[in-house]
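K.L.:
Protein sequence lines correspond, in order, to chains A and B. When we follow the working numbering, the leftmost residue of the first sequence carries the number 1, and every step to the right adds one. When we follow the working numbering, the leftmost residue of the second sequence carries the number 259, and every step to the right adds one. The C-beta atom is built at its ideal place from N, Cα and C for all residues, glycine as well.
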Amino acid sequence: MKTAISATGLNLTFQTNDGPVHALKDVNLDIAKGDFVSFIGPSGCGKTTFLRCIAGLETPTAGEITVNGMTPDQARRARAYGYVFQAAGLYPWRTIGGNIRLPLEIMGFSETEKKERVGQVLELVDLVGFEKKYPWQLSGGMQQRASIARALAFDADILLMDEPFGALDEIVRDHLNEQLLDLWARTKKTIGFVTHSIPEAVYLSTKIVVMSPRPGRITDVIDSPLPKERPLDIRDTPEFIEIAHRVRDGLRAGHVDA
Amino acid sequence: MKSVLPIVTVVAAILGFWVLAVIPMNMHLTADQAQRDGLVVMPETPAERQAYSGLGLTLQNTSLISRTYTLERPRLPSPHQVGAEMWETVFERRVTSRRSLVYHGWVTLSATLVGFAIGTGLGILLAVGIVYNKAMDMSVMPWAIASQTIPILALAPMIIVMLGSIGIQGLFPKAVISAYLSFFPVVVGMVKGLRSPDAMQTDLLHTYNASPAQGFWKLRLPASVPYLFASLKIGISASLVGAIVAELPTGARAGFGARMLVGDQYGQPLVTWAALFAAAITAAALVGFFSLIERLTLRRMGMHAA
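#1: Taking 8 Å as the CB-CB cut-off, is residue 12 of chain A touching chain B?
#2: Which residue or residues does DSSP assign as beta-bridge partners of residue 12 of chain A?
#3: Would a C-beta distance cut-off of 8 Å place residue 363 of chain B and residue 535 of chain B closer than the cut-off?
#4: Okay, do the stretch 521-535 of chain B and the stretch 549-561 of chain B touch, 3+ Cβ pairs below 8 Å being the bar?
#5: Does the Cβ of residue 247 of chain A lie closer than 7 Å to at least one heavy atom of the ligand HEM?
#6: Closer than 7 Å by C-beta to residue 395 of chain B: which residues in its own chain qualify, once you throw out the five before and the five after it? Chain order, please.
#7: If you follow the alpha helix (DSSP H) that residue 217 of chain A is part of, which residue opens it and which one closes it?
#8: Give a yes or no on whether 8 Å exceeds the smallest Cβ distance from residue 145 of chain A to chain B.
#9: Closer than 8 Å is the cut-off here; do at least three beta carbon pairs connect the stretch 492-510 of chain B with the stretch 181-199 of chain A?
#10: Could you pull the start and end residues of the beta strand (DSSP E) that residue 62 of chain A belongs to?
#11: Could you tell me the boundaries of the beta strand (DSSP E) in which residue 267 of chain B lies?
#12: If contact means a Cβ-Cβ distance below 8 Å, which residues of the stretch 88-100 of chain A contact chain B?
#13: So which residues of chain A does residue 465 of chain B contact, with C-beta pairs closer than 9 Å?
#14: Is DSSP giving residue 125 of chain A helix, strand or coil here?
#15: Using only CA atoms, which one of A/176, A/207, A/31 lies nearest to residue 247 of chain A?
#16: If you drop the 5 nearest sequence neighbours on each side, which residues of the same chain put their C-beta closer than 7 Å to that of residue 8 of chain A?
#17: Which runs of the beta strand (DSSP E) spanning at least 3 residues fall entirely within the stretch 100-177 of chain A, listed in chain order?
#18: Report all residues from its chain with a CB closer than 6 Å to the CB of residue 490 of chain B; omit the five preceding and five following residues, and keep chain order.
#19: Do you know whose CA, among B/340, B/487, B/379, B/294, lies nearest residue 277 of chain B's CA?
#20: Strictly under 8 Å for the Cβ-Cβ distance: is residue 431 of chain B near chain E by that measure?
#21: DSSP on residue 35 of chain A, reduced to helix/strand/coil?
#22: Given that residue 31 of chain A touches chain B, what residues does it touch there, using C-beta distances under 7 Å?
#23: Between the C-alpha atoms of residue 296 of chain B and residue 413 of chain B, what's the straight-line distance to the nearest angstrom?
#24: DSSP three-state label for residue 197 of chain A, please.
#25: In chain order, what are the residue ranges of uninterrupted alpha helix (DSSP H) at least 4 long that sit wholly in the stretch 222-256 of chain A?
#26: Please report the distance separating the alpha-carbon of residue 369 of chain B from that of residue 176 of chain A.
#27: How big is the Cα-Cα spacing for residue 97 of chain A and residue 119 of chain A?
#28: Between the alpha carbons of residue 563 of chain B and residue 134 of chain A, how many angstroms are there, rounded?
#29: Do residue 497 of chain B and residue 349 of chain B have their C-beta atoms closer together than 8 Å?
#30: Can you tell me whether DSSP reads residue 353 of chain B as helix, strand or coil?
#31: Is it the case that the Cβ atoms of residue 444 of chain B and residue 381 of chain B are separated by a distance below 8 Å?
#32: What are the uninterrupted segments assigned as alpha helix (DSSP H) that are 4 or more residues long and contained completely in the stretch 418-496 of chain B, given in chain order?
#33: In the structure shown, what three-state DSSP assignment does residue 44 of chain A receive?
#34: Which of the three DSSP states is assigned to residue 6 of chain A in this structure?
#35: Considering only the alpha carbon of each residue, which of B/356, B/507, B/338, B/333 lies closest to residue 432 of chain B?
#36: If you draw a straight line from the C-alpha of residue 258 of chain A to the C-alpha of residue 217 of chain A, how long is it?
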């Protein structure tokens, strides 16, 4: 198994007016290529901060992190990852197609290639026919799918997602989780996924990273024994419930000694 | 169409108040005139009448009420007098005539538009500087705010005289004052607009490894468009005020400001009032024009008009 992301002895301290905040403490983690890794934990546990470190949006104060063997900055320049934020954040003055084209314009893709890729990713997220619509004409779930398409457009092999479905209702979220697994199976990407929903983490992941706050650290790493093929009703099986238990225990343990 | 009724109601109320106010405001003048025409007026001497308020004198001389509306030089002209003066000076004079309001309007409007263009351009440049340069952020904004606390009425004559002394006259000095008033709302609006994209949006561009120039053209500039239009609508009316104020202190011979001054100095209130209304209508038309452009632009950009 090739390593996609590797962190060793990662520390990050923010200086705030109330003194230093230890956002990440001694984080060691290896993510293999093709893994679907969820980061779960209460707010302030550093799960988003860790994702931002991978993307080079935060700079660790100590330790080392590599993405495809490069520093996060080099990886960004090599277009190693696409990032999906909590809110879709589509530009209201661009159509859905225009929004997906944005990274391609910035990276200087040719006109024919832009057209081709926009078509491809629209199909991947099941938004064919919405290319000419504006964001306000789409539902929240469709907007988030469009933002995933935007992150996929330049074909980075790592997809980083920061609570992408946090603002959506349960039914839409279930549907998008199913679609995301399908997309992951088809594209074979490595996915880093931040969430605070236990069922979501267990349903999606091959590896679940349980984190706890003050200081932000990893308390448990669970390799999921669930099969790759996962219908929604897998959530009622004993295996699923067992993993969910272990995640919940991990979260609770982290909470007690915090 | 639903909004028409409330507007008509308010306009009718204002007109009604105006029409009623004409009577007491003009009663002293009307009484003097009527006495010269040989009518019986109570009380009999102007000195005695001065002791009465306009309303009190009206109650003594109800028969003179209709005459308050037809004075040649009223203290407060009635709406129909102002309307007639405007009709005459707008439609019945050649536009090149010095007695045409269209002529005077164009003199003021041309200075307004030149000043507005300068002010808007300067405002956008300053805003870009403020957003992208920390030193400008710290230094320019306080000066921009301070500039607007100086009464323009005090500043305008100095600018006109100074520019005049180095040989710059006519349209340009007025445009400078227009620009002085209109750059400020543009700076404030554009700074706010260019800074409107949130951290998530800038982080997103960072993950694409976008250059600062790409961030400006693809994110900050389009995001600032709704803010720019709000500023332009304030700026254009401020420009018009600036051009009119610039005409007042220097004895300009043409322009709305000159007309207002002439009406005042030569005791022709109708001229002043007609110029005043023409200026107000011009301002409303300019703001309306920019509202229209705003709506068309935002619709073309796919955004809802704010």
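P.N.:
In this structure, then:
#1: For the purposes of this step, residue 12 of chain A is taken as residue 12 along the first sequence, with counting starting at 1. Closer than 8 Å: no.
#2: On the first sequence, residue 12 of chain A is found 12 positions in, with the first residue counted as 1. In DSSP, residue 12 of chain A forms a bridge with A/24.
#3: As a position in the second sequence, residue 363 of chain B is number 105, starting the count at 1. As a position in the second sequence, residue 535 of chain B is number 277, starting the count at 1. No; because the gap between Cβ atoms is not below 8 Å, this pair is not in contact.
#4: no
#5: Among the components modelled here there is no ligand, and therefore nothing to report on the ligand HEM.
#6: Locating residue 395 of chain B in the second sequence gives position 137, counting from the first residue. These residues qualify, in order along the chain: 388.
#7: Within the first sequence, residue 217 of chain A is the residue found at index 217, counting from 1. Not the alpha helix (DSSP H): residue 217 of chain A falls in the beta strand (DSSP E), residues 217-223.
#8: Residue mapping note: residue 145 of chain A aligns to position 145 of the first sequence, counting from 1. Chain B contact via Cβ: absent.
#9: no
#10: Position 62 of the first sequence, counted from the first residue, corresponds to residue 62 of chain A. Where residue 62 of chain A is concerned, the enclosing beta strand (DSSP E) stretches over 62-67.
#11: Looking up residue 267 of chain B in the second sequence gives position 9. Counting along the chain, residue 267 of chain B falls outside any beta strand (DSSP E), though it belongs to the alpha helix (DSSP H) covering 262-294.
#12: 89, 91, 92, 93, 94, 95
#13: The count along the second sequence starts at 1 and reaches residue 465 of chain B at position 207. Under the 9 Å cutoff, chain A gives 55, 56, 57, 76, 81, 82, 83, 103, 151, 160.
#14: Along the first sequence, read from residue 1 onward, the residue named residue 125 of chain A stands at position 125. Residue state, collapsed to three classes: coil.
#15: Mapped onto the first sequence, residue 247 of chain A falls at position 247. Nearest option by C-alpha distance: A/207.
#16: In the first sequence, the residue the question calls residue 8 of chain A occupies position 8. These residues qualify, in order along the chain: 28, 63, 64.
#17: 158-162
#18: Here residue 490 of chain B refers to the residue found at position 232 of the second sequence. So the qualifying residues of the chain are 548.
#19: Position 19 of the second sequence holds residue 277 of chain B. The option with the nearest alpha carbon to residue 277 of chain B is B/340.
#20: No chain E appears in the structure shown, which is made up of the protein chains A and B.
#21: Taking the first sequence and counting its residues from 1, one reaches residue 35 of chain A at position 35. Correct three-state label for residue 35 of chain A: coil.
#22: If you number the first sequence from 1, residue 31 of chain A lands on position 31. In chain order: nothing, as chain B lies at least about 18 Å away.
#23: Along the second sequence, read from residue 1 onward, the residue named residue 296 of chain B stands at position 38. Along the second sequence, read from residue 1 onward, the residue named residue 413 of chain B stands at position 155. Looking at the two C-alpha atoms, the distance is approximately 51 Å.
#24: Residue numbering aside, residue 197 of chain A sits at position 197 when the first sequence is read from its first letter. The answer is coil: DSSP assigns residue 197 of chain A none of H, G, I, E or B.
#25: 238-256
#26: For the purposes of this step, residue 369 of chain B is taken as residue 111 along the second sequence, with counting starting at 1. For the purposes of this step, residue 176 of chain A is taken as residue 176 along the first sequence, with counting starting at 1. Rounded to the nearest angstrom, the two C-alpha atoms are 59 Å apart.
#27: The count along the first sequence starts at 1 and reaches residue 97 of chain A at position 97. The count along the first sequence starts at 1 and reaches residue 119 of chain A at position 119. One C-alpha to the other measures close to 9 Å.
#28: By one-based count along the second sequence, residue 563 of chain B stands at place 305. By one-based count along the first sequence, residue 134 of chain A stands at place 134. For residue 563 of chain B, the predicted structure reports a pLDDT of 47, less than 50, and the residue's modelled location is therefore unreliable. A value from the coordinates is still provided. Residue 563 of chain B and residue 134 of chain A: Cα-Cα distance of roughly 14 Å.
#29: Reading the second sequence from its first residue, position 239 is the one you call residue 497 of chain B. Reading the second sequence from its first residue, position 91 is the one you call residue 349 of chain B. No, they are not a contact pair.
#30: Position 95 of the second sequence, counted from the start, is the residue given in the question as residue 353 of chain B. The answer is coil: DSSP assigns residue 353 of chain B none of H, G, I, E or B.
#31: Taking the second sequence and counting its residues from 1, the one referred to as residue 444 of chain B is at position 186. Taking the second sequence and counting its residues from 1, the one referred to as residue 381 of chain B is at position 123. In contact: residue 444 of chain B and residue 381 of chain B (Cβ atoms closer than 8 Å).
#32: 429-452, 457-465
#33: Here residue 44 of chain A refers to the residue found at position 44 of the first sequence. DSSP places residue 44 of chain A in coil when its eight states are reduced to three.
#34: Sequence index remark: in the first sequence, residue 6 of chain A carries index 6 (1-based). Strand at residue 6 of chain A.
#35: In the second sequence, the residue the question calls residue 432 of chain B occupies position 174. That would be B/507, whose Cα lies nearest to the Cα of residue 432 of chain B.
#36: Your numbering for residue 258 of chain A matches position 258 in the first sequence. Your numbering for residue 217 of chain A matches position 217 in the first sequence. Confidence at residue 258 of chain A is low in this model, with a pLDDT of 44, below 50, so its placement is unreliable and the value that follows should be read with caution. So the two alpha carbons sit approximately 11 Å from each other.
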